[in-house]
Amino acid sequence: MSIKYSEDHEWVKVQDEDLVIIGITDFAQEQLGDLVFIELPEVGDECSRGDNISVIESVKAASDLVAPVSGEIVEVNDRLADEPELVSEDSMGDGWFIKVKLSNVSELDDLMDDDAYQTFIED
Amino acid sequence: MSSVDRILTTPLHQMHLDADAKMVPFAGYEMPLQYPLGIKKEHLHTRENAGLFDVSHMGQIKLTGQNAKQALETLVPVDIVDLPLMKQRYAVFTNKKGGVMDDLMVTNIGDDGLFLVVNAACKVADFEHLKSLVDSGCEVELLEDVALLALQGPKSCEVLSKFAPSCSEMTFMTAKVLKIDGVECLATRSGYSGEDGFEISMPGHQAERIAKLLISDQAVEWVGLGARDSLRLEAGLSLYGHELDQQHSPVESSLTWALSKTRRLGGERPGGYPGDVIVMSHLSEGTKVKIVGLQPEGRVPVRDGAMIENGAGNRVGQVTSGGFSPSTGKPVAIARIEVSCIDDKSNLFALVRDKKISVSVVKLPFVKQNYFRG
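Chains as they are written, first to last, in our numbering: chain A, 11 to 133; chain B, 784 to 1157.
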């Protein structure tokens, strides 16, 4: 199972050929600080790459989750509604945001691999 | 960047960098937003132990002269003439329309002197404003090379008394000259967190030494501007540029309590400050708007600028400060809304990203204030 990263600090885990899980990276959650509320999209919503699909509220401010890929939202992590701290505790695991059925698999090629992302955040 | 808009730093700048603070520009200064502990924990630490805040960006002004008290009364709707020696009082500068130019703390330091602490963003304008008092024989000095540290929280007195035992004799809103490690400081037992605590003015070149003493105590953590804001919000304290502005009188900002009886109609020295006629008419006739606390339903933070609507969808106000309250674990907000919709107990909603969040008007503060009144 490969993991890709966006410049907006999301991780995209390829679960099946055209099915991905999306969350935010540890780097992102550290930058945001203590999370207090997460507003997720509805299952069945369509998103295009670049759309704001979710709002992440920290103690400081509200930030958008930008869709790193296009497709249909097939599942959301309902636990985040009451436990936004899951993202801080386990950003790559229990703190996942949404699952998306890709409409354009080739968009994955535009994302960074682990090495490229590490270099990206160091700059 | 030209030298004119060069960013300023406080005498404790290097200490913040060494403490790994996240620095942000604020009112022309580079200031710590938060430290590695993070806003939430810094906030809770202050409520339970003691937090150390660098507030050296704030303006410290000395007003001296035989008529200094009378002169300052021409700018504020507050009783300064009868302010006892080494007592502190909250005041506001009003403009000609009765709006608020800034809020400030005034301490009578004796020898015909008053010590003022004003907001960083307003200090230059305040200083210019105060210069009008030079004509009445006052000297006005914006103190340079000084630092201001706030030590806030229930353990503040316990900590400070290790270095300056006599601080424990002070009560809320009083001042005392304390010798901390040989350095003479002017301390007041006050602050802006809603907790017991002290604000300590000291020479800039001694600030690092005193800050190191205080932070070395295990009850003390550095606290940045992020938690300073959430603490004052929970304590229901007004912030200039949010609850207070040039367009609204102190009455419209629910600061009626700060307007001294002596300066009101029927008092010994009624009026005599900018916008007095308007402020006094607001006092006698009431106002259409006021500042209230709002408790949003659910978990969505309702932040500054959010519109408030009534059930019919009419706009009745706007949030002036809002966010998440670490102490209550819920979002909280302060808003300026029409008095009529409080009177008729309308259902109110805050608009957040086009969604309606139900809010109820609640008494301020959100968290009980813990001042030491002796």
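Heads up, the beta-carbon is just placed ideally off N, CA and C, and yes, glycines get one too. No experiment lies behind these values; they were computed from the predicted model shown.
Just how far apart, CA to CA, sit residue i and residue j?
i, j, result
"residue 34 of chain A", "residue 94 of chain A", "12 angstroms"
"residue 42 of chain A", "residue 17 of chain A", "15 angstroms"
"residue 73 of chain A", "residue 64 of chain A", "9 angstroms"
"residue 1070 of chain B", "residue 1063 of chain B", "11 angstroms"
"residue 51 of chain A", "residue 29 of chain A", "17 angstroms"
"residue 786 of chain B", "residue 935 of chain B", "Confidence in residue 786 of chain B is poor, its pLDDT being 48 and thus under 50, which makes the residue's placement too unreliable to answer from."
"residue 1087 of chain B", "residue 53 of chain A", "30 angstroms"
"residue 47 of chain A", "residue 883 of chain B", "34 angstroms"
"residue 1138 of chain B", "residue 1018 of chain B", "27 angstroms"
"residue 987 of chain B", "residue 1072 of chain B", "42 angstroms"
"residue 933 of chain B", "residue 869 of chain B", "18 angstroms"
"residue 888 of chain B", "residue 958 of chain B", "11 angstroms"
"residue 979 of chain B", "residue 972 of chain B", "7 angstroms"
"residue 784 of chain B", "residue 808 of chain B", "Note that residue 784 of chain B has pLDDT 43, beneath the 50 cutoff, so the model's placement of it is unreliable and no number is given."
"residue 24 of chain A", "residue 12 of chain A", "6 angstroms"
"residue 966 of chain B", "residue 992 of chain B", "10 angstroms"
"residue 1057 of chain B", "residue 976 of chain B", "30 angstroms"
"residue 66 of chain A", "residue 45 of chain A", "7 angstroms"
"residue 962 of chain B", "residue 999 of chain B", "18 angstroms"
"residue 86 of chain A", "residue 110 of chain A", "9 angstroms"
"residue 791 of chain B", "residue 1093 of chain B", "44 angstroms"
"residue 1141 of chain B", "residue 1149 of chain B", "17 angstroms"
"residue 1151 of chain B", "residue 970 of chain B", "24 angstroms"
"residue 814 of chain B", "residue 802 of chain B", "13 angstroms"
"residue 1075 of chain B", "residue 1102 of chain B", "9 angstroms"
"residue 905 of chain B", "residue 891 of chain B", "21 angstroms"
Helix, strand or coil for residue i per DSSP?
i, result
"residue 1051 of chain B", "coil"
"residue 1107 of chain B", "strand"
"residue 1141 of chain B", "strand"
"residue 1092 of chain B", "strand"
"residue 127 of chain A", "helix"
"residue 995 of chain B", "helix"
"residue 68 of chain A", "strand"
"residue 864 of chain B", "coil"
"residue 88 of chain A", "helix"
"residue 1006 of chain B", "coil"
"residue 880 of chain B", "coil"
"residue 1078 of chain B", "strand"
"residue 55 of chain A", "coil"
"residue 1134 of chain B", "strand"
"residue 1083 of chain B", "coil"
"residue 759 of chain B", "With chain B covering only 784 through 1157, there is no way to say anything about residue 759 of chain B."
"residue 80 of chain A", "coil"
"residue 93 of chain A", "coil"
"residue 987 of chain B", "helix"
"residue 1150 of chain B", "coil"
"residue 798 of chain B", "helix"
"residue 948 of chain B", "helix"
"residue 107 of chain A", "coil"
With residue i and residue j assumed to form a contact (beta carbons below 8 angstroms), what rounded beta-carbon distance in angstroms separates them?
i, j, result
"residue 828 of chain B", "residue 1004 of chain B", "5 angstroms"
"residue 864 of chain B", "residue 871 of chain B", "About 15 angstroms; that fails the 8 angstroms criterion."
"residue 1023 of chain B", "residue 885 of chain B", "6 angstroms"
"residue 901 of chain B", "residue 909 of chain B", "5 angstroms"
"residue 79 of chain A", "residue 27 of chain A", "Residue 79 of chain A to residue 27 of chain A, Cβ: 13 angstroms. No contact."
"residue 1100 of chain B", "residue 1116 of chain B", "Not really, about 11 angstroms apart at Cβ, beyond 8 angstroms."
"residue 893 of chain B", "residue 848 of chain B", "With a Cβ gap of about 13 angstroms, residue 893 of chain B and residue 848 of chain B do not count as contacting."
"residue 1108 of chain B", "residue 1013 of chain B", "7 angstroms"
"residue 1046 of chain B", "residue 861 of chain B", "6 angstroms"
"residue 131 of chain A", "residue 37 of chain A", "5 angstroms"
"residue 795 of chain B", "residue 1008 of chain B", "In fact, because the Cβ distance is near 13 angstroms, the residues do not count as touching under 8 angstroms."
"residue 942 of chain B", "residue 997 of chain B", "7 angstroms"
"residue 1067 of chain B", "residue 1048 of chain B", "6 angstroms"
For residue i, return the contacting residues in chain D, with the cut-off set at a CB-CB distance below 9 angstroms.
i, result
"residue 1009 of chain B", "Note that chain D does not occur in the displayed structure, where the protein chains are A and B."
Going by DSSP, what residues sit across from residue i in a beta bridge?
i, result
"residue 971 of chain B", "B:958 and B:982"
"residue 835 of chain B", "B:934 and B:1005"
"residue 26 of chain A", "A:29"
"residue 1119 of chain B", "B:1074 and B:1101"
"residue 13 of chain A", "A:23"
"residue 873 of chain B", "B:888"
"residue 1033 of chain B", "According to DSSP, residue 1033 of chain B bridges with nothing at all."
So does residue i have its beta carbon nearer than 8 angstroms to some heavy atom of the ligand NAP?
i, result
"residue 55 of chain A", "This structure does not include the ligand NAP; it has no bound ligands of any sort."
If contact means a Cβ-Cβ distance below 9 angstroms, which residues of the segment 816-849 of chain B contact chain A?
816, 817, 821, 822, 823, 824 and 826
Counting only Cβ-Cβ distances shorter than 9 angstroms, please list the residues of the segment 65-88 of chain A near chain B, keeping chain order.
65, 67, 68, 69, 70, 71 and 72
Residues within the segment 42-61 of chain A neighbouring chain B, beta-carbon criterion of under 8 angstroms
43, 44, 46, 47 and 49
At a Cβ cut of 9 angstroms, what residues of the segment 1074-1104 of chain B count as close to chain A, listed as they run along the chain?
1081, 1082, 1083, 1084 and 1086
Please list, in chain order, the residues of the segment 871-883 of chain B that have any C-beta partner in chain A closer than 7 angstroms.
none
Give the residues from the segment 995-1019 of chain B that approach chain A closer than 8 angstroms (Cβ to any Cβ), ordered along the chain.
1009 and 1013
Can you give me, in chain order, the residues of the segment 968-997 of chain B that have a beta carbon less than 7 angstroms from any beta carbon in chain A?
none
Below 8 angstroms between beta carbons is the criterion; list the residues of the segment 1105-1118 of chain B that meet it against any residue of chain A, in chain order.
1106, 1107, 1109 and 1114
For the segment 1135-1147 of chain B, list every residue whose C-beta sits within 7 angstroms of some C-beta in chain A, in sequence order.
1136
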